[in-house]
Amino acid sequence: ETGVTQTPRHLVMGMTNKKSLKCEQHLGHNAMYWYKQSAKKPLELMFVYNFKEQTENNSVPSRFSPECPNSSHLFLHLHTLQPEDSALYLCASSQEQGDSPLHFGNGTRLTVT
Amino acid sequence: RKEVEQDPGPFNVPEGATVAFNCTYSNSASQSFFWYRQDCRKEPKLLMSVYSSGNEDGRFTAQLNRASQYISLLIRDSKLSDSATYLCVVTPNAGKSTFGDGTTLTVKP
Numbered sequence: 066e067t068g069v070t071q072t073p074r075h076l077v078m079g080m081t082n083k084k085s086l087k088c089e090q091h092l093g094h095n096a097m098y099w100y101k102q103s104a105k106k107p108l109e110l111m112f113v114y115n116f117k118e119q120t121e122n123n124s125v126p127s128r129f130s131p132e133c134p135n136s137s138h139l140f141l142h143l144h145t146l147q148p149e150d151s152a153l154y155l156c157a158s159s160q161e162q163g164d165s166p167l168h169f170g171n172g173t174r175l176t177v178t
Numbered sequence: 002r003k004e005v006e007q008d009p010g011p012f013n014v015p016e017g018a019t020v021a022f023n024c025t026y027s028n029s030a031s032q033s034f035f036w037y038r039q040d041c042r043k044e045p046k047l048l049m050s051v052y053s054s055g056n057e058d059g060r061f062t063a064q065l066n067r068a069s070q071y072i073s074l075l076i077r078d079s080k081l082s083d084s085a086t087y088l089c090v091v092t093p094n095a096g097k098s099t100f101g102d103g104t105t106l107t108v109k110p
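Heads up: the protein sequence lines correspond to chains A and W, in order.
Residue numbering for the first sequence is 66 to 178, as defined by the working numbering.
Residue numbering for the second sequence is 2 to 110, as defined by the working numbering.
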C-alpha cells in the first residue's frame, strides 16, 4: 500500500546536523500527523495538521519543526537533536481530525549520534 | 490513571487457540474506537474499527461496552501470522487519538 509515503526510510545524523523528514499522502485526506515511537514505548503524538493548519503541538521541543505546505505534504525539520531523539518517526493521515482511522506511512528510523 | 489501558502481555498461545484482548478507556466522551496491528519494526496498520453493535471480520471480533468503558478483540483459530502487537485506539469526538501501550501476541506452532 502506498497511500502514505515517507522518506527517507533510515536516517543517521549528528547532533549538529539539520535534516528534514518528508511525508506525502495520496488518499485525499485532510488531516496529517507526526508520531514518535521510541524502542519499547507507545506511540507519542507530536503534531497534528487539519486542512494545513496546526491544531496540536504536544509539547514538542523546538528542535523539531513541522511544516505543512498543503493537505498532501508534511515535513518535519530537525536540528540540533539529542541522542534520546533516536526513534521511529511515523507520519499518518486521516479523512478528518478526530473520529476517522489513521493511515500510517512506513516511518523513518532516525539515529542521532 | 492512563487514558487507555491494555492487557499487559505478552500472550503466548498455540496455533488454533482463541485469544482475547481487552482495552479500557477513561474518557466517557470517547466516540471512535479502533484496533491496530503493528509488526516488529513496522508501522501500525488498521485492523478494524469497533462499532457499538460489535463487528466481525473473519476470525476477528471486536466489541464495545460503553457502560463499562472497554473494548475487546477476539481472535479465533490463531495463525502464526497473527503474531504481532495489537494496539487499542480511542478518540473523543473531534479530539486526538490516544493509543494504548499495546499487547504482544506470539502464536507458536
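Just so it is clear, CB atoms sit at the ideal spot from N, CA and C, and this is done for glycine as well.
| Asked | Found |
| --- | --- |
| Exposure of M97(A), with buried meaning 16 or more beta-carbon neighbours within 10 Å | buried |
| V14(W) beta carbon less than 7 Å from that of V108(W) | yes |
| Nonlocal neighbours in the same chain, by C-beta distance under 7 Å from E161(A), ignoring five residues either side | N95, A96 |
| Chain A contacts made by the stretch 60-80 of chain W, where a contact means CB separation under 7 Å | none |
| Exposure of F116(A), with buried meaning 16 or more beta-carbon neighbours within 10 Å | exposed |
| Nearest-angstrom Cβ-Cβ length linking L88(W) and G101(W), presumed shorter than 8 Å | 6 Å |
| Chain A contact for P45(W) (CB, 7 Å cutoff) | yes |
| Any 3 or more C-beta pairs closer than 8 Å across the stretch 140-157 of chain A and the stretch 52-63 of chain W | no |
| Nonlocal neighbours in the same chain, by C-beta distance under 7 Å from G181(A), ignoring five residues either side | The structure shown has nothing for residue 181(A), since chain A only spans 66 to 178. |
| Short CB-CB distance (under 7 Å) between F169(A) and chain W | yes |
| Proximal chain W residues relative to L155(A), where beta-carbon distance stays under 8 Å | E44, P45 |
| Nearest-angstrom Cα separation, counted from S127(A) out to E16(W) | 48 Å |
| Min CB distance S54(W) to chain A below 7 Å | no |
| Within chain D, partners of E118(A) - CB distance below 7 Å | In summary, chain D is missing from the structure at hand, where the protein chains are A and W. |
| Residues from the stretch 101-113 of chain A in contact with chain W, defined by Cβ distance under 7 Å | P107, L108, L110, V113 |
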